[in-house]
Each structure stands twice: as C-alpha cells, then as structure tokens.
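Take a look at the structure set out below.
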Amino acid sequence: MIDTPGRSSDQHPQGQRPGTDGASSRATESASARRATLIGATTVVNWALLAALTQLSGPVPPFLLTALAFTVAFACFLVWLGLRGQSLVDTLRQPPRIWALGVGGLFGYHALYFVAQQNAPAANAGLIAYLWPLLIVLFVALLPGERLRVFHVVGSLLGFAGAALLVGGDVNAGGSLVGYGAAFACAFVWSGYSVLSRAARHVPTAAVGGFCLGTAVLAGACHLAFETTRWPEGSAWLGVIGLGLGPVGSAFFTWDIGVKQGDLRLLGLLAYFTPLLSTLVLVVTDYAEPTLWLALAAGLITLGMLVGSGRIGRCQKKISTT
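Okay, here's the thing in structure tokens:
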C-alpha cells in the first residue's frame with residue numbers, strides 16, 4: 002500500500018475510532034456481568050418458593066420427598082451436562098471427604114427442612130431455617146484470623162429475637178418441638194456446610210449434580226428403612242417437580258453463575274431478603290396467615306442479617322462521606 006499525505010497505512014477503518022475496541026470489550030463484559038447477575042438473582046426467587054412448593058407437595062414423608070425432589074434435580078443435571086457436552090463420570094470423580102460434605106449438606110438440610118415444614122407452621126419454620134446467613138457470618142467471625150465484632154453480636158441477637166417471637170410469641174401457631182427443632186437444625190447444618198465448603202473451592206460446580214444423585218439415593222434408603230410410603234397425589238406432584246426444577250435443582254447452578262461472573266455484592270444483599278420474600282409467598286398462597294408476630298419476626302431476622310453482615314454500617318459510612 003502507498004501512503005498518502007496525512008494518512009498512515011495503519012489508520013483505523015472508516016467509522017471506527019481509536020479505543021473503540023477497548024470500549025466495545027468493556028461494554029460486552031458489562032453486559033455479561035449484568036446477565037450473570039440477573040441469572041443469579043433468580044436463585045433468590047427459587048429460595049423464596051421453597052416453603053410454598055414444600056407445602057404444595059402435601060404430606061409426603063420427608064425422606065421420600067427429598068429422594069423424589071433430588072431425582073428430578075439429577076435428571077435436570079443430566080440434561081445440563083448433555084448440552085455442555087461434559088462427561089458424567091468426570092463430575093463424579095471427587096475425594097470421599099468432598100462427597101461426605103456435599104451429600105451431607107444437601108441431604109441434611111433438605112430432609113430437616115421438610116420435617117420442619119410438616120411439623121410447624123410453614124412461615125415460622127421457613128424464617129427460622131433462614132437464620133443460616135446470619136450463622137455463617139457468626140461462624141466465619143470465629144475462625145482463626147477473624148474477629149468477632151459488635152455488629153456480629155447485635156445482628157445475632159436481633160435474628161434470634163425474631164426466632165424467639167416465632168416459637169414463643171405466636172401461641173396459636175400450633176408448631177411442635179420437632180418442627181421447630183428441625184428448623185433450627187436446618188440453619189446450623191447449612192451454615193456449617195457453607196463455611197466448610199470454603200476449603201473446597203476447587204471443586205467444580207458440576208460436582209453438585211453428583212451430590213444430588215447421592216442425596217436421592219441416601220434419602221431413598223432412609224425412606225425404605227424408616228418411613229411408610231405415601232406418594233404425592235394430584236397437584237402435589239407439581240410441588241415435587243417444582244422443587245426439583247427450582248429450589249433444589251437449578252438454584253445451585255444459577256447461584257454459582259451469579260457469584261462467579263455477576264455482581265456479588267448485589268446478589269448478597271438480595272439474598273438477605275429471602276426470608277421476607279418467602280413469607281410473602283406463603284401469605285399470598287394462603288399457606289400462612291399474616292399476623293403481627295410474623296411481620297415483627299420477619300423484620301427482626303432480616304434486620305439481623307443486614308446488621309450482622311455489616312452492610313448497614315457500610316451504608317451509613319458512605320452516606321456520611323458524601
């Protein structure tokens with residue numbers, strides 16, 4: 002090419018300016034992050050539907066319900082693997098301790114959650130089970146190298162005050178010690194599982210599919226050993242399928258996409274409102290009665306999460322510096 006005066010041979014094509022490629026790349030990354038955040042946000046909706054779908058499933062024994070829901074989840078996982086062209090065998094190759102952690106966490110939390118939903122008022126059991134984000138903050142603060150701060154203690158007191166209102170304040174709720182005990186155990190199991198999972202960050206998301214299979218098999222064995230079979234009837238199957246497709250299925254994968262590629266701070270903030278959303282869904286679907294005690298408890302637990310995580314303190318600092 003022969004250069005002409007005022008024009009170099011490496012000049013950008015017509016209509017394209019220097020730096021356009023960089024701006025385009027940043028715009029693409031921003032759009033990808035927004036998409037990932039939106040996908041991650043659907044997880045919060047899934048979690049908010051967990052209690053209502055459990056109620057829709059009817060009086061199916063907890064171990065059987067766990068087995069059925071995770072069988073649906075595993076079937077969805079197989080479809081997901083096929084679309085990605087990945088091998089099932091590769092995802093199952095995990096050390097025994099990872100299998101114990103994954104299956105123990107999924108099986109323990111959901112079996113206890115279903116026991117709680119069937120033996121205590123749905124909204125009360127759901128709110129107590131959702132103390133787990135607050136417990137995670139508390140447990141992490143107690144790890145070596147971490148500090149237990151005042152806002153951790155205040156947040157914990159607010160959250161457990163809300164739980165106390167649910168157990169002792171609403172005297173007409175009709176919950177049993179088994180139901181409330183299982184709900185509290187839920188919170189401790191999932192928070193413990195989440196904290197221990199910090200040491201297993203290298204495990205791929207696809208391994209969760211194997212954990213779903215392990216959970217379904219273990220729950221099925223426990224059902225045969227300890228329960229009398231009672232299959233879902235009519236619309237109850239919609240609840241079972243909904244659980245497998247959403248809260249105990251796709252939620253694991255959408256959350257992973259969100260936290261790895263999206264706005265983690267925004268997703269974390271949205272997650273703290275799950276108890277409120279779950280309670281609203283139960284009220285709207287007539288699985289819970291709107292009462293003053295319920296509203297106060299939901300507010301205290303959500304406020305406790307926000308205070309315990311330090312988010313309210315950070316917001317106040319930002320406001321004071323502007």
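In my numbering, the protein residues as written are 2 to 323.
Cβ atoms here follow ideal geometry from the backbone N, Cα and C, with glycine treated the same way.
Item: Cβ neighbours of valine 172 in the same chain (closer than 7 Å, five flanking residues each side left out); Value: At valine 172, the pLDDT of 48 sits below 50, so the modelled position is not reliable and the matter cannot be decided from this model.
Item: Test item: CB-CB of threonine 275 and leucine 295 under 8 Å; Value: no
Item: Assigned secondary structure, tyrosine 131 (DSSP; H/G/I helix, E/B strand, else coil); Value: coil
Item: Cβ shell of proline 63 (< 7 Å), same chain only, five flanking positions each side left out; Value: Ala112, Phe115, Val116, Gln119
Item: C-beta contact flag for phenylalanine 75 and leucine 219 at 8 Å; Value: no
Item: Selection from Phe189, Val104, Val168, Gly263 that minimises the alpha carbon distance to glycine 180; Value: Val168
Item: Buried versus exposed call for valine 61 [16 or more other C-beta atoms within 10 Å across all chains shown]; Value: buried
Item: First through last residue of the alpha helix (DSSP H) which encompasses serine 198; Value: Element bounds for serine 198: n/a, residue is neither H nor E.
Item: Cβ shell of alanine 272 (< 7 Å), same chain only, five flanking positions each side left out; Value: Val45, Pro134
Item: For tyrosine 273, the three-state DSSP class (helix, strand or coil); Value: coil
Item: Straight-line Cα distance separating alanine 289 from asparagine 125; Value: 9 Å
Item: Alpha carbon of alanine 252 to alpha carbon of leucine 297, nearest angstrom; Value: 28 Å
Item: Reduced DSSP secondary structure (H/G/I, E/B, other) of glutamine 119; Value: helix
Item: Segments of 4+ residues assigned as alpha helix (DSSP H) that fall wholly inside the region 40-88; Value: 63-85
Item: Three-state secondary structure assigned by DSSP to valine 138; Value: helix
Item: N- and C-terminal bounds of the alpha helix (DSSP H) containing glutamine 262; Value: 252-262
Item: Spatial distance of alanine 77 from valine 151 (CA atoms); Value: A quick correction: the sequence has cysteine, not alanine, at residue 77. The alpha-carbon atoms of cysteine 77 and valine 151 are separated by roughly 44 Å.
Item: Beta-carbon proximity check, glutamine 262 vs serine 31, cutoff 8 Å; Value: no
Item: Per-residue burial, leucine 203 [other beta carbons within 10 Å of its own, 16 or more giving buried]; Value: Note on identity: in this sequence residue 203 is histidine, with leucine being the wrong assignment. Exposed, because fewer than 16 other Cβ atoms sit within 10 Å of the Cβ of histidine 203.
Item: DSSP-derived helix/strand/coil call for arginine 231; Value: coil
Item: Proline 145 burial status per 10 Å Cβ neighbour count (16 or more: buried); Value: exposed
Item: Straight-line gap, alanine 208 to glutamine 95 (C-alpha atoms, nearest Å); Value: 8 Å
Item: For arginine 35, three-class secondary structure by DSSP; Value: helix
Item: Endpoints, the alpha helix (DSSP H) within which threonine 1 is located; Value: With the chain represented from 2 up to 323, any question about residue 1 goes unanswered, as that position is not in the structure.
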